[in-house]
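Student: By the working numbering, the letter at position 313 of the sequence shown is numbered 1161, and the numbering carries on one by one without gaps.
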Amino acid sequence: MGSKNIHLEPFDKGTITKLEIFEDYAQAWIPTFVMQPHITEIHIFDFFSGPGYDSENVAGSPIRLLTKISEHLGHIMSKQTRIVLHLNEFEPTKKKQDKFELLKYNCSNYLSQNPKFKYFLTIKFYNENAEELFFKLTPIISKYPSLVYLDQNGVKFISQEYINKLENLKTTDFLYFVSSSFFKRYGKTEEFRKALEIDVSELEAEEYRNMHRLVLNKMKSRLPAKTELKLFPFSIKKNANIYGIVFGAKNYAAVHKFLTIAWKRNELNGEADFDIDDDNKKNQLTLFEGKQMTKVEKFQSDLENKLLEKNSVTNEAVLIYTYQCGHIPKHTEIVLKRLKKEGKLNYETQTPYLTYENVFRKKNIITYQIKK
Ligand SMILES: C[S@@+](CC[C@H](N)C(=O)[O-])C[C@H]1O[C@@H](n2cnc3c(N)ncnc32)[C@H](O)[C@@H]1O
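1. Can you give the Cα-Cα distance for Leu867 and Ser1149, rounded to whole angstroms?
2. Less than 6 Å between C-beta atoms, sequence neighbours within five positions excluded: which residues of the same chain meet that for Leu1184?
3. By a C-beta neighbour count over all protein chains shown, 10 Å radius and 16 as the cutoff for buried, is Ala1102 buried or exposed?
4. Please determine whether the Cβ atom of Lys916 lies at a distance below 7 Å from any heavy atom of ligand 1.
5. I'd like the ranges of any alpha helix (DSSP H) spanning at least 4 consecutive residues and lying wholly in the stretch 1167-1215.
6. Would Leu951 and Phe895 be called neighbours here (beta carbons separated by less than 8 Å)?
7. Quick one, which of Glu1052, Gly1035 and Thr929 has its alpha-carbon nearest Pro993's?
8. For ligand 1, I want to know if Gly898 counts as a neighbour, meaning its beta carbon is within less than 7 Å of at least one of the ligand's heavy atoms.
9. Is Gly908 a contact residue of ligand 1, with contact defined as CB to any heavy atom under 7 Å?
10. Should Ser1029 be labelled buried (16 or more other beta-carbon atoms within 10 Å of its own) or exposed?
11. Which partner residues of Phe1147 appear in the DSSP bridge assignment?
12. Suppose the cutoff is 8 Å on Cβ atoms and the five residues either side in sequence are ignored; what does the same chain contact list for Ile854 look like?
13. For my contact list, Leu1064 and Leu1071 are in at a C-beta cut-off of 8 Å; report their separation, rounded to the angstrom.
14. Skipping 5 residues on each side, what residues in its chain have a beta carbon closer than 8 Å to that of Ala1097?
15. In whole angstroms, what is the alpha-carbon distance linking Asn1099 and Glu1157?
16. Please classify Lys1074: does DSSP put it in a helix, a strand, or coil?
17. Closest to Lys966 by C-alpha separation, out of Gly908, Phe948 and Val932, would be which residue?
18. Does the Cβ-Cβ distance between Ile1090 and Arg1057 come in under 8 Å?
19. Look at the alpha carbon of Val1048 and the alpha carbon of Lys1036, and state the distance between them as a whole number of angstroms.
20. Within a Cβ cutoff of 8 Å, which residues of the same chain sit near Glu857, ignoring the five residues on either side of it in sequence?
21. Sort out for me which residues DSSP pairs Ala1120 with in a bridge.
22. Indicate the three-state DSSP secondary structure (helix, strand or coil) for Gly1096 in the structure shown.
23. Can you find a heavy atom of ligand 1 that lies under 7 Å from the Cβ of Ile938?
24. With respect to 7 Å, is the separation between the Cβ of Lys1098 and the closest non-hydrogen atom of ligand 1 below this value?
Structure (structure tokens):
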């Protein structure tokens, strides 16, 4: 499969969605570490940077990263946090590395407009094959709080060797971009089998729109049983193809950030830029089946059943369950408040304390009593 030189064209809608999710994540990630007094240095890696802009001067990932860094300038300066940005761009089939030259030029130009960058930011440029550079840089990735973007044109980076490396890292959050539906077309080829072995019958049985979910579930199934790594998908439709982001991190602070961004983008399902489960149609009554449940309603119904089976449960356990199901506290809070009103569940506090801040930061752990 030949890769397309996307920068000869303007970014399409799906690419913009991807870039916005990348930058929204950087926006949430940077202050988390900058505000921690004991952290003096953070690293961001963009292994497939591109030249910086598309053909219509719309910013690509490296320029968006610089913009996000500049938006946090005040805090970064006051906390004196060092930021190291690793930008790599390489065209494997070309002798002249035009995109790499453009990347350096565009970033330097951006920096020259804001002289304050020089006090805290170092950019390291690389013109290497990301497949090798990734392994060279893992000692740095593992040493510092790191954010890793793998915006490949393809599927290679979901292969086991890369996942194993990322699985070993502690304070690393990563975002992959994967051409998921290409598995349906090229799944039997050597390149794809090497990346992720998916049964042909599985591929054939799965609906096209679920291809990215299938890829993510395959990746999950290959993680060690006791892994702390949590993976979440975001499917992106581009014409007839399904692409997707795989988000990975080990801590719930990161999961909370990613899920908040994903549900903000799509309040219907929080995991795609389209109506992946036909939820919009589920609001209508069907003659024989009645009303089908939407993704959020199904989660809330399952949660209610689970809660009512118990005698008591902590807000921490319920919050973790919410995240594990790929949902946000808002969806759960509605159920808790209703059950309290109906006299089926009780908590002494005014609110159920079901927020990231209460559970993980302030350690306000409370117990919900279920009335039998
Ligand atoms: C999907 S694009 C990334 C776009 C970029 N993030 C942006 O916002 O513009 C993939 C980029 O990776 C580069 N590339 C392709 N193969 C590569 C490799 N093996 N190592 C590093 N870069 C590669 C391509 O030249 C292309 O610019």
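Here a beta-carbon is modelled for each residue, glycine too, at the ideal position from N, C-alpha and C.
Tutor: Working from what's here:
1. CA-CA distance, Leu867 to Ser1149, rounds to 34 Å.
2. Residues of the same chain with a CB within less than 6 Å of the CB of Leu1184, apart from the 5 flanking positions on each side, are Pro1200 in chain order.
3. Classification of Ala1102: buried, given that the 10 Å Cβ count is 16 or more.
4. Not a single heavy atom of ligand 1 lies less than 7 Å from the C-beta of Lys916.
5. Complete alpha helix (DSSP H) runs here, min 4: 1177-1189.
6. Contact: no.
7. Looking at the Cα atoms, Thr929 is the closest of the given residues.
8. Relative to ligand 1, Gly898 has its C-beta within less than 7 Å of a heavy atom.
9. With a cut-off of 7 Å, the C-beta of Gly908 is classified as near ligand 1, since at least one heavy atom of the ligand falls inside that distance.
10. Ser1029 is buried by the Cβ-count criterion.
11. Bridge partners of Phe1147: none, in fact.
12. Legend: pLDDT at Ile854 = 49, less than 50; position of this residue unreliable, value from coordinates given subsequently. Cβ neighbours of Ile854 beyond the five flanking positions: Thr863, Gly898, Asp902 and Asn1001.
13. At roughly 11 Å, the Cβ-Cβ gap does not stay under 8 Å, so Leu1064 and Leu1071 are not in contact.
14. Within the same chain, Cβ atoms closer than 8 Å to the Cβ of Ala1097 are found at Thr1020, Asp1021, Phe1022, Leu1077, Lys1078, Val1103 and Phe1106, the five residues on either side in sequence being excluded.
15. In a straight line, the C-alpha of Asn1099 is about 28 Å away from that of Glu1157.
16. Secondary structure at Lys1074: coil, using DSSP grouped into helix, strand and coil.
17. Looking at the Cα atoms, Val932 is the closest of the given residues.
18. Yes, these two residues count as a Cβ contact at 8 Å.
19. Cα to Cα, Val1048 sits roughly 7 Å from Lys1036.
20. The residues are Asp902 and Ser903.
21. Partner(s): Ser1083.
22. The three-state reading of DSSP puts Gly1096 in strand, counting E and B together.
23. In the sequence on display, residue 938 carries Phe and not Ile. Relative to ligand 1, Phe938 has its C-beta within less than 7 Å of a heavy atom.
24. Because no heavy atom of ligand 1 lies under 7 Å away, the Cβ of Lys1098 does not count as near it: no.
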